[in-house]
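For any residue, its number in the working numbering is found by taking its place in the sequence shown, counting from 1, and adding 4. Here a beta-carbon is modelled for each residue, glycine too, at the ideal position from N, C-alpha and C. Small disclaimer: the values here were computed from a predicted structure and weren't measured.
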Amino acid sequence: MKSYDAIVIGGGPAGMAAALYLVRSGVKTVLVEKLSPGGQMLMTEELENYPGFPRGIKGYELCDRMDEHLREYDLDRILDEVKEIKVEEGKHSLLVGDEWITGRAVIFASGVTFRKLHVHNEDKLLGRGVSYCAICDGNFFRDKVIAVVGGGNSALEEALYLSRLVKKIYLIHRREEFRGLKCYQDKCYKDPKIEMVLNSVVTRVLGDDDVSGVEVQNVKTEEYSEIDLDGVFIFVGFDPVNNFFPPELELDEWGFIKTDQEMATNIPGIYAAGDIRSKKCRQVVTAVGDGATAATAAFAYLEHNNG
Ligand code: NAP
Numbered sequence: 005m006k007s008y009d010a011i012v013i014g015g016g017p018a019g020m021a022a023a024l025y026l027v028r029s030g031v032k033t034v035l036v037e038k039l040s041p042g043g044q045m046l047m048t049e050e051l052e053n054y055p056g057f058p059r060g061i062k063g064y065e066l067c068d069r070m071d072e073h074l075r076e077y078d079l080d081r082i083l084d085e086v087k088e089i090k091v092e093e094g095k096h097s098l099l100v101g102d103e104w105i106t107g108r109a110v111i112f113a114s115g116v117t118f119r120k121l122h123v124h125n126e127d128k129l130l131g132r133g134v135s136y137c138a139i140c141d142g143n144f145f146r147d148k149v150i151a152v153v154g155g156g157n158s159a160l161e162e163a164l165y166l167s168r169l170v171k172k173i174y175l176i177h178r179r180e181e182f183r184g185l186k187c188y189q190d191k192c193y194k195d196p197k198i199e200m201v202l203n204s205v206v207t208r209v210l211g212d213d214d215v216s217g218v219e220v221q222n223v224k225t226e227e228y229s230e231i232d233l234d235g236v237f238i239f240v241g242f243d244p245v246n247n248f249f250p251p252e253l254e255l256d257e258w259g260f261i262k263t264d265q266e267m268a269t270n271i272p273g274i275y276a277a278g279d280i281r282s283k284k285c286r287q288v289v290t291a292v293g294d295g296a297t298a299a300t301a302a303f304a305y306l307e308h309n310n311g
């Protein structure tokens, strides 16, 4: 069984920042990532609010730069899934793929996954008109009619991105007011390709082999109607990736990890950083800050509990 001083779970901005701070402090560290590094950054076309890039930076480009930075250091990496964690005093055991590894400190930076609407045909027509990623799938809908569902920053930003490609967008939101930033709202209202469908929820995705439309219900009048379209992009928030969490770990009511301001959880030696943490502001810049804070706290913990 391989033993590490620190194990970082998740290769998004929080995990990469945590790993960077740990290896630079001389801590024997492994970064465990299920797929490729980047997390939600990879799903973001343009980051306009990451300091230092006045003209914005592509999500994949910032990810590549963070990854390149990490490759300057002696960091172990495992590309596999964490399946189970056993909390023990002084060290914790993780089942990664089919192998157990141990770490004296563990940082959870496993991020979030797309929230679903849980409506008829949403799963069946995934990849056949239903999508959760504008950058990945937008190109398939050039000059077509689509719906974007949601009212947060993701829905507004992605609607603006998709509007450059498609013929028309129905922006379907369940309330009158948007949750997303005013600057994105203004741009959406001004965009001639975007038609607002407010106070409305998608009740069914329509189509046999491919999406042919959506059924929506106006939540005020309770009336149903159908909109003909070719694709539906769903951006209604995120759920935590928490299927492997130990039962002792304290979570909030939505399943995100509770921490103190040093990113420490209720279990000694276990920290959380980034979107998986219970907090309000989920941004790349806050994820990076969480990662650095968690690594610094983990380093102090390791020093204090040395040997
Ligand atoms: P979000 O802020 O949680 O917004 C989710 C939206 O989906 C809300 O408008 C919500 O409606 C709606 N919604 C939730 N469940 C729904 C359902 N079952 N049916 C219909 N609508 C539903 O999620 P997000 O937009 O993905 O953003 C997540 C986090 O990332 C936020 O903290 C956001 O600020 C951040 N983010 C930031 C940027 C940026 O700064 N550029 C870009 C993207 C994301 P209600 O409003 O009625 O609740």
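Taking the Cα positions, ILE198 is about 38 Å away from GLU72. Secondary structure of HIS73 (DSSP, three-state): helix.
In this structure, the straight-line span from the alpha carbon of PHE237 to that of LEU306 is close to 45 Å.
Taking 7 Å as the cut-off, the C-beta of ARG281 does not count as close to any heavy atom of the ligand NAP. Distances from the alpha-carbon of LEU185 to those of LYS62, TYR136, ILE111, GLU162 put GLU162 closest.
Its Cα nearest to that of TYR64, the residue PRO41 stands out among ILE11, PRO41, PHE303, ARG81. Between HIS177 and GLY107, the alpha-carbon positions lie close to 44 Å from each other. In this structure the stretch 266-282 touches the stretch 290-297; the number of beta carbon pairs closer than 8 Å is three or more. In terms of Cβ geometry, GLY142 and LEU169 form a close pair [threshold 8 Å]. DSSP lists VAL34 as the beta-bridge partner residues of ASP80.
In this structure, the C-beta of VAL236 stays at least 7 Å away from each heavy atom of the ligand NAP. Note that the stretch 219-229 does not touch the stretch 127-141; fewer than 3 beta-carbon pairs, one per stretch, sit closer than 8 Å. Assignment of LYS90 by DSSP, reduced to helix, strand and coil, places it in the strand class. With a cutoff of 7 Å, HIS124 does not count as near the ligand NAP, since its C-beta is closer than that to no heavy atom of the ligand.
For PHE248, same chain residues with a beta-carbon under 7 Å away, outside a window of 5 residues either side, are VAL86, LYS87, GLU88, ILE89 in chain order. In this structure, GLY16 keeps its C-beta atom at 8 Å or more from the C-beta atom of ALA109. DSSP, reduced to helix, strand and coil, places ARG108 within a strand of the structure shown. Residue environment: ASP9 is assigned as buried (16 or more neighbouring CB atoms within 10 Å of its CB, all protein chains considered).
Taking each of LYS171, ILE139, CYS285, GLU126 in turn and checking the Cα distance to ASP147, the smallest one comes out for LYS171.
Across the structure, VAL240 and ASN157 are spaced so that their CA atoms are roughly 10 Å apart. VAL152 is positioned such that its CB atom lies closer than 8 Å to that of ILE173.
CA-CA distance, GLY30 to TYR193, rounds to 51 Å. When THR225, HIS96, VAL288, PHE145 are compared, the shortest CA-CA separation from LEU253 is found for HIS96.
Between the alpha carbons of LEU130 and TYR165 lies a gap of roughly 20 Å. The alpha-carbon of GLY155 is positioned some 5 Å away from that of PHE182.
In the three-state reduction of the DSSP assignment, ILE274 falls in the strand class. Shown here, LEU164 sits in a helix according to DSSP, grouped into three states. Closer than 7 Å to some heavy atom of the ligand NAP: that describes the Cβ of GLY154. For MET5, the number of other beta carbons within 10 angstroms of its own is below 16, and it is reported as exposed. ASN222 sits in a strand when the DSSP states are folded into three classes. Non-local C-beta neighbours of LEU74 in its own chain, meaning closer than 7 Å and more than five positions away in sequence, comprise MET20, ALA23, LEU24, ordered along the chain.
Runs of the alpha helix (DSSP H) spanning 4 or more residues and lying entirely within the stretch 179-258 occur at 186-194, in chain order.
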